[in-house]
Amino acid sequence: MGWLPAPVERLLEVALVGELTVIGRNGRPITHPLIPLYDGEHIYLHSSTLFSKKLEHIKRDARVALALTDPVAMKGNLDRATIQGTARVIEDDPHSDWEHLILELWRKKEPAIDDFLKARVALPLFFERAVIEITPERCLYWANGDTSRPPERTASPGAEAA
């Protein structure tokens, strides 16, 4: 698929939760749990547009990191990874544009989304969504979650290693 190590791509395919870290207004990191969706090139996350500070933070400073660390959220996989990159917020039409970008990826990972879509009228604010697109630049990977050893480091073509 992309340049990320194959085990990291597998984590992205199964992970139901990843920890997105953004840089807050005061320069400190802020972490948010979100569902990562991967198309082989970019990582997509989505957020309600209602009162979303994370979207404001990304617009101000696009440097982000996505950590995949929870074995429960990764269906028992003990591997761990942190992916650093540049994010952009896509919010052209918060009512429907997100569907064209991520719905099939979301449906593949979490088929229950179709039940939420049926209740769209009852939950209108939930479906006003922005998409966060991350272009991965660096990756740190720990096989079997063994953080007592240095991670395997890889970088996208043209990016400096972490």
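Be aware that the sequence shown starts at 588, since it is given in the working numbering, and climbs by one per residue. Heads up, the beta-carbon is just placed ideally off N, CA and C, and yes, glycines get one too.
### Query
Can you give the Cα-Cα distance for T618 and T608, rounded to whole angstroms?
Translated into positions along the sequence shown, residue 618 becomes position 31. Translated into positions along the sequence shown, residue 608 becomes position 21. Cα-Cα distance, rounded: 4 Å.
### Message
In the DSSP output, what is V718 paired with across the bridge?
### Response
On the sequence shown, position 131 is the one that residue 718 refers to. Answer is H633, I677.
### Message
Distance check for T673 and P592, CA to CA, integer angstroms please.
### Response
The residue given as residue 592 occupies position 5 in the sequence shown. The residue given as residue 673 occupies position 86 in the sequence shown. Going from the Cα of P592 to the Cα of T673 covers about 18 Å.
### Query
Does the beta-carbon of L655 have 16 or more other beta-carbons within 10 angstroms, so that it is buried, or is it exposed?
On the sequence shown, position 68 is the one that residue 655 refers to. With 16 or more Cβ atoms within 10 Å of its Cβ, L655 is classed as buried.
### Where G663 falls, given that 16 or more other Cβ within 10 Å makes a residue buried
Reading the sequence shown from its first residue, position 76 is the one you call residue 663. Label assigned to G663: exposed.
### Query
For V659, which of helix, strand or coil comes out of DSSP?
Residue mapping note: residue 659 aligns to position 72 of the sequence shown, counting from 1. It is coil, neither helix nor strand.
### Rounded C-alpha distance that separates R716 from V601
Here residue 716 is taken as the residue at index 129 of the sequence shown, counted from 1. Here residue 601 is taken as the residue at index 14 of the sequence shown, counted from 1. If I take the Cα positions, the gap works out to 22 Å.
#### Entry: R736 burial status per 10 Å Cβ neighbour count (16 or more: buried)
Mapped onto the sequence shown, residue 736 falls at position 149. By the neighbour-count rule (16 or more Cβ atoms within 10 Å), R736 is not buried but exposed.
### Query
Span of the alpha helix (DSSP H) holding V601?
Locating residue 601 in the sequence shown gives position 14, counting from the first residue. Its alpha helix (DSSP H) spans residues 593-601.
### Query
How would you call T669, buried or exposed, if buried means at least 16 neighbouring beta carbons within 10 angstroms?
On the sequence shown, position 82 is the one that residue 669 refers to. The residue in question, T669, is buried, as its Cβ has 16 or more Cβ neighbours within 10 Å.
### Query
What residues are listed by DSSP as bridge partners for I670?
Mapped onto the sequence shown, residue 670 falls at position 83. Paired residue(s): L653, C726.
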